[in-house]
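Protein chains: 2
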Amino acid sequence: MDIKAELNLRIQEVNSILEGYLPESTGFQKNLIDAMNYSVMGPGKRLRPIMMQETYKLFGGKGKVVEPFMAAMEMIHSYSLVHDDLPAMDDDELRRGRKTTHVVYGEAMAILAGDGLLTYAFETAVKAFDIEPENKGIPKALAVLSRDAGVYGMAGGQSVDVELTGKRLDKDTLDFIYKLKTGALIEASMVIGALLAGASEDDIIKVSKAAEAIGLAFQIRDDILDVTGDADVLGKPVLSDEKNDKTTYVTFEGLDKSEADVKALSKQAIDILEGFSGESKFLVALTNMLIDREK
Amino acid sequence: MDIKAELNLRIQEVNSILEGYLPESTGFQKNLIDAMNYSVMGPGKRLRPIMMQETYKLFGGKGKVVEPFMAAMEMIHSYSLVHDDLPAMDDDELRRGRKTTHVVYGEAMAILAGDGLLTYAFETAVKAFDIEPENKGIPKALAVLSRDAGVYGMAGGQSVDVELTGKRLDKDTLDFIYKLKTGALIEASMVIGALLAGASEDDIIKVSKAAEAIGLAFQIRDDILDVTGDADVLGKPVLSDEKNDKTTYVTFEGLDKSEADVKALSKQAIDILEGFSGESKFLVALTNMLIDREK
Numbered sequence: 266m267d268i269k270a271e272l273n274l275r276i277q278e279v280n281s282i283l284e285g286y287l288p289e290s291t292g293f294q295k296n297l298i299d300a301m302n303y304s305v306m307g308p309g310k311r312l313r314p315i316m317m318q319e320t321y322k323l324f325g326g327k328g329k330v331v332e333p334f335m336a337a338m339e340m341i342h343s344y345s346l347v348h349d350d351l352p353a354m355d356d357d358e359l360r361r362g363r364k365t366t367h368v369v370y371g372e373a374m375a376i377l378a379g380d381g382l383l384t385y386a387f388e389t390a391v392k393a394f395d396i397e398p399e400n401k402g403i404p405k406a407l408a409v410l411s412r413d414a415g416v417y418g419m420a421g422g423q424s425v426d427v428e429l430t431g432k433r434l435d436k437d438t439l440d441f442i443y444k445l446k447t448g449a450l451i452e453a454s455m456v457i458g459a460l461l462a463g464a465s466e467d468d469i470i471k472v473s474k475a476a477e478a479i480g481l482a483f484q485i486r487d488d489i490l491d492v493t494g495d496a497d498v499l500g501k502p503v504l505s506d507e508k509n510d511k512t513t514y515v516t517f518e519g520l521d522k523s524e525a526d527v528k529a530l531s532k533q534a535i536d537i538l539e540g541f542s543g544e545s546k547f548l549v550a551l552t553n554m555l556i557d558r559e560k
Numbered sequence: 266m267d268i269k270a271e272l273n274l275r276i277q278e279v280n281s282i283l284e285g286y287l288p289e290s291t292g293f294q295k296n297l298i299d300a301m302n303y304s305v306m307g308p309g310k311r312l313r314p315i316m317m318q319e320t321y322k323l324f325g326g327k328g329k330v331v332e333p334f335m336a337a338m339e340m341i342h343s344y345s346l347v348h349d350d351l352p353a354m355d356d357d358e359l360r361r362g363r364k365t366t367h368v369v370y371g372e373a374m375a376i377l378a379g380d381g382l383l384t385y386a387f388e389t390a391v392k393a394f395d396i397e398p399e400n401k402g403i404p405k406a407l408a409v410l411s412r413d414a415g416v417y418g419m420a421g422g423q424s425v426d427v428e429l430t431g432k433r434l435d436k437d438t439l440d441f442i443y444k445l446k447t448g449a450l451i452e453a454s455m456v457i458g459a460l461l462a463g464a465s466e467d468d469i470i471k472v473s474k475a476a477e478a479i480g481l482a483f484q485i486r487d488d489i490l491d492v493t494g495d496a497d498v499l500g501k502p503v504l505s506d507e508k509n510d511k512t513t514y515v516t517f518e519g520l521d522k523s524e525a526d527v528k529a530l531s532k533q534a535i536d537i538l539e540g541f542s543g544e545s546k547f548l549v550a551l552t553n554m555l556i557d558r559e560k
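If you want it as C-alpha cells, here you go:
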C-alpha cells in the first residue's frame, strides 16, 4: 500500500466533507466566520477524522452518519489549536507554516473563533440525527465527543499542562496530561467511529485501548520532533516547548527511551487492530507512518 | 403573586440543579474545575434556566428531562461572561459584585474555564437521553442550543459587537447584535422548554416571538441601567459601556424612546404568553419585573 498516496486521498475527502459543513462566509458576522474557516482550513493532517472514518468502516459502517462527526472532531481540534496559540497561553505566531489566527484576526476575534468552532462542532455533530434518526450510537457518540473534549478530556489535560509549565512534573502528572491533552480526542475519534457503526461493547473497549496507545505514541513523537526537528519541515519554530520551559516526555525519559516507547506503543495498537475481522490495513499503515513521521 | 419571593425559590431550585450537574472539585484538573464552578456559582439571576423550566411547564412538561438543559444553558451563559470579561475583550474586573474569573484565576485559566464550561454544557445536555431516551424533542433541543449559542446566535452577535466597538452603527447592525448577543439564548431557553414538553410547531413559533421580544426588552433595560444605574446596586462599574466607547440602544434611540420600547416589547410578549391555555402567571410576572428591575 502506498500509504502517502492513500492518506492524501483521505485528506482530500475530509477537506471536502469539512467544506460542506463549515458556515458560509456571509452576513454581519462574516469576519468571525472567516476567522473560523481560516483556523480549520490550514494544511492539517486530518488524523482524527480519518481515524474515525477508518474505524467506522472497520466495523462495517457504510453510511454518511459519520461525516458530521468527522467534521465536528476536526473543528474541535482546530479550536483547541487557536486557543492554545493565544498570547495568554503558548503565544505562538506560526502554526502549520501559517500565521496563527490571533496574528491575522486579532486576539478578541481568535477567542471568539475558537468559541465559534467549538459550538459549531456540536451544531454539526447533531446533524447526524437528520441522516440516521434511529442510529442508537448517536447519543453515545455525542456523550463521548463532549466528554473527551472537555474537563475530563482535552481541556482538562491542557489546563494541567498550562498550570505546571516550567515546574518539575512527576510521572503520574505527565501521564495524565498526555492521556487527556492529545490522547482523549484520538481515542474519542476511534470510539465514535465504532459506536456509529454499531460495534459491540467488547470491541469498543479494545478500540479504546488501541487508540490510547496511538495517542500516546503520537504525543511522544511530537516531543521528539520538537527537539530534533527542522523548522522548515515542522512549520513551527523548533524548541518552541523548550523556549516556554516545558517539561515533556523527552526531557523526562530521554530521546532513546522515548523512541523505544513510540515503537512499543505502536506495536500494541497494531496487534489489537489486526485482531479484528474487518479491514484494518490502512489504519495499521497509518499507525506505522506515525512512528516515522518528520512533521 | 409575590414575584420576588417566587423568583428566589426558583433561583434556589436552579442553583441546586446546577450544583448537581457541575463537576466535582477533585483530580489533577481541580484548578480548572474550581475556575469553572466559580464562574457559574456567582449570584446570578438564572433568568434563562428559569424561563426554560416555566415554558416547559406551560406546555404540560412534568419530568426532569429539562434539568440537564437548564444547567447547560446557565453554563453557556456563564462561559460567555467569562470570555467577554477577558482583557482582550471588554477587560472587566468586576461581575455581579465579584472579581471576574481571569482576575482570580489568571487569563489562561479563564480562557480554559470558558472552554470547559461550553463543552461541559453539551456533555450535560446530552444526559437528557439517559432520563427520557425516547423524547423526540431532545435532538431538536440540542440543535437549538448549539445554533443559538454559536455563530448564528450569541457568539455571532458578540463578534459583531466587539468588531464595531467605538464605530457608528446603523439600526440594522444594532438590531442584529441585540437579537443574537442577548436575544438568542433567551429565545433558545424558551423554545427548548417548549420542545422538551412536546409543544406544537405553531406554539413554538409563538414562543419564539415572545422570547425575542423579552430578549430585546431585557437588553435595552441593561443599556438604560448602564447609564442611569448605581454601582452598588449593579455590582459593576456604571458607564462601563460608555468607558469602552460603545454604541448602545440608548445612545442610538435616547432614554425616553428606550423606556417606551421596553414597555411595548414586554406587552407584546405578555399578550402571546397569556394566549396559551397553560399556566403563564409566573412568566408574565417575571416579564413585568424585567421592566422595572434596577440591576
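Just so you know, the sequences run in chain order A and B. Residue numbers for the first sequence, in our numbering: 266 to 560. Residue numbers for the second sequence, in our numbering: 266 to 560. Quick reminder that beta carbons are idealized off the backbone N, C-alpha and C, glycines included.
- The beta carbon of L351(A) sits closer than 9 Å to some beta carbon of chain B.
- Separation of R313(A) and I276(A) (C-alpha to C-alpha, rounded to the nearest whole angstrom) is 11 Å.
- For a Cβ distance threshold of 7 Å, residue set G415 and V416 of chain B lies close to Y385(A), ordered along the chain.
- Residue range E372 to A390 is occupied by the alpha helix (DSSP H) that includes A386(B).
- Here A525(B) is not near M316(B), since their CB atoms are 9 Å or more apart.
- For P404(A), the number of other beta carbons within 10 angstroms of its own is at least 16, and it is reported as buried.
- Interface with chain B (9 Å Cβ-Cβ cutoff): H348(A) is included.
- A straight-line Cα-Cα distance of about 6 Å links A393(B) and P333(B).
- Along the length of the stretch 440-499 of chain B, whole alpha helix (DSSP H) runs at least 4 residues long occupy 449-461, 466-493 and 496-499, reported in chain order.
- In the three-state scheme derived from DSSP, where H, G and I count as helix and E and B as strand, L429(A) is classed as coil.
- For K405(B), the enclosing alpha helix (DSSP H) starts and ends at G402 to A414.
- Of the other Cβ atoms in all chains shown, fewer than 16 fall within 10 Å of the Cβ of T291(B); this residue is therefore exposed.
- Annotated as proximal: A375(A) and H348(A), with beta-carbon spacing under 9 Å.
- The beta carbon of I341(A) lies closer than 8 Å to those of L382, L383, A386, L410, A414, M419 and L450 in the same chain, with the five residues before and after it left out.
- Each of A464(A), S304(A) and L445(A) was checked against the Cα of S343(A), and the nearest Cα belongs to S304(A).
- DSSP places K269(A) within a helical segment (H, G or I) once states are collapsed to three.
- The continuous alpha helix (DSSP H) containing K322(A) extends over residues L312 to L323.
- Between D380(B) and chain A, the shortest Cβ-Cβ separation is below 9 Å.
- Residue-level contact check: Y303(A) does not touch chain B, since none of the beta carbons of chain B fall below 9 Å from its beta carbon.
- Non-local beta-carbon contacts of R363(B) in its own chain, meaning distances under 7 Å to residues more than five positions away in sequence, involve G307 in chain order.
- Distance from the Cα of S473(B) is smallest, within the candidate group I442(B), L538(B), L429(B) and D440(B), for L538(B).
- Between the alpha carbons of L434(A) and T512(A) lies a distance of about 7 Å.
- In this structure I479(A) is not in contact with V527(A), their Cβ atoms being roughly 10 Å apart against a cut-off of 8 Å.
- Around the CB of D467(A), fewer than 16 other CB atoms lie within 10 Å, so the residue is classed as exposed.
- Non-local beta-carbon contacts of A482(A) in its own chain, meaning distances under 6 Å to residues more than five positions away in sequence, involve V527, L530 and S531 in chain order.
- Sequence-ordered contacts of the stretch 324-348 of chain B with chain A read H348 [C-beta pairs closer than 7 Å].
- Against chain A, the CB of L481(B) has no partner CB under 9 Å away; the residue lies outside that interface.
- In the structure shown, R275(B) falls within a helical segment according to DSSP collapsed to helix, strand and coil.
- About 13 Å separates the beta carbon of A408(A) from that of L461(A), a gap too long to meet the 8 Å contact definition.
- When only Cα atoms are considered, D487(A) and L283(B) end up about 39 Å apart.
- Measuring C-alpha to C-alpha distances from F541(A) to each of D395(A), M266(A), P398(A) and A464(A) identifies A464(A) as the nearest.
- Its chain contains P333, F334, A337, L407 and L410 as the residues whose beta carbon lies nearer than 7 Å to that of A390(B), once the 5 sequence neighbours on both sides are disregarded; these appear in chain order.
- Using a CB distance cut-off of 9 Å, T438(B) counts as an interface residue toward chain A.
- The three-state secondary structure of L287(A), taken from DSSP, is coil.
- As the crow flies, the alpha-carbon of V425(B) is around 14 Å from that of D380(A).
- Pairing V369(B) with A300(B), the inter-Cα distance amounts to about 8 Å.
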